[in-house]
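Below is one structure, written out as structure tokens; comments come after it.
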Amino acid sequence: PGGGTMIGNEFVARAAPDGYTVLVALNSFVVNPARKKVNYDPLNGLMPVTQAVALALVLVARSDLKVKSIPELIQMDRDGAKLSAGTSGTGSPNHLALELFNQMAGTKITHIPYKGEAPAVTDLVGGQIDLVITTLTTAASQIEAGRIKLLAAVGSKPPPSMPNLPTIAQQGLPGYQAEAWQGVFVPAGTP
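Going by the numbering used here, the letters in the sequence shown line up with residues 13 to 203, in that order.
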């Protein structure tokens with residue numbers, strides 16, 4: 013963490029390519045350099061090793077929001093509701109998923125960046141924001157307790173633990189999908 017992960021990314025990109033320095037990063041590590049000047053080459057300074065984790069992103073709403081589906085959410089926005097959505101930060105896969113949703117649905121949901129998913133979900137439970145795009149793992153306990161409600165899977169398919177959860181694409185936005193993953197990278201030139 014730090015600088016939107018750019019500090020750690022730079023450290024690894026500039027490390028000796030000897031196999032002793034490894035980076036575990038979200039797929040958004042290539043986004044931050046598009047927003048800010050960095051002191052390393054994000055495309056050529058790091059060499060991908062493997063995808064380690066695929067993260068199931070979901071769209072959740074505060075429990076009292078008067079929607080149960082993506083079409084109802086889109087209609088609420090078009091009817092003039094000023095909706096807000098928290099994410100784990102600017103440039104995160106969650107943020108990019110929200111911006112893609114706004115673009116494809118023609119909505120104007122306001123992005124509220126947080127320093128991680130947990131603070132965003134906490135504010136959702138407290139009613140300070142309307143929606144959160146988060147990992148299912150982060151939201152699961154609050155969903156089970158009925159403090160927030162699940163609207164859709166954000167990816168191309170539902171999470172394995174919830175095979176009947178409809179995706180955003182299945183609810184009226186064909187072609188929509190946003191994925192999050194973590195991968196392992198090493199300094200370029202590592203044998």
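Glycine included, each C-beta is placed from N, C-alpha and C at the ideal position.
Inter-residue Cα distance where the pair is G158 and P54: To locate residue 158, count along the sequence shown from 1; it is residue 146. To locate residue 54, count along the sequence shown from 1; it is residue 42. Each residue's alpha carbon lies about 41 Å from the other.
The segment 169-180 contacting the segment 61-71, beta-carbon criterion three pairs below 8 Å: yes
Residue environment, Q140, which counts as buried when at least 16 other CB atoms sit within 10 Å: Residue 140 sits at position 128 when you count from the first residue of the sequence shown. Flag for Q140 reads exposed.
At least 3 beta-carbon pairs within less than 8 Å: the segment 17-37 vs the segment 189-196: yes
Endpoints, alpha helix (DSSP H) assigned at L148: Sequence index remark: in the sequence shown, residue 148 carries index 136 (1-based). Residues 148-156.
Residues of its chain near A190, where Cβ-Cβ distance is below 7 Å and the 5 sequence neighbours each way are ignored: Here residue 190 refers to the residue found at position 178 when the sequence shown is read from its first residue. For A190, where only same-chain residues beyond five positions count, the Cβ hits under 7 Å are L69, P105, L108, A109, L112, V166, G167.
Length at least 3, wholly inside the segment 165-200: the beta strand (DSSP E) runs in chain order: 192-199
For L185 and A117, believed in contact at Cβ under 8 Å, the rounded distance: Residue mapping note: residue 117 aligns to position 105 of the sequence shown, counting from 1. Residue mapping note: residue 185 aligns to position 173 of the sequence shown, counting from 1. About 6 Å separates the two Cβ atoms, so the contact holds.
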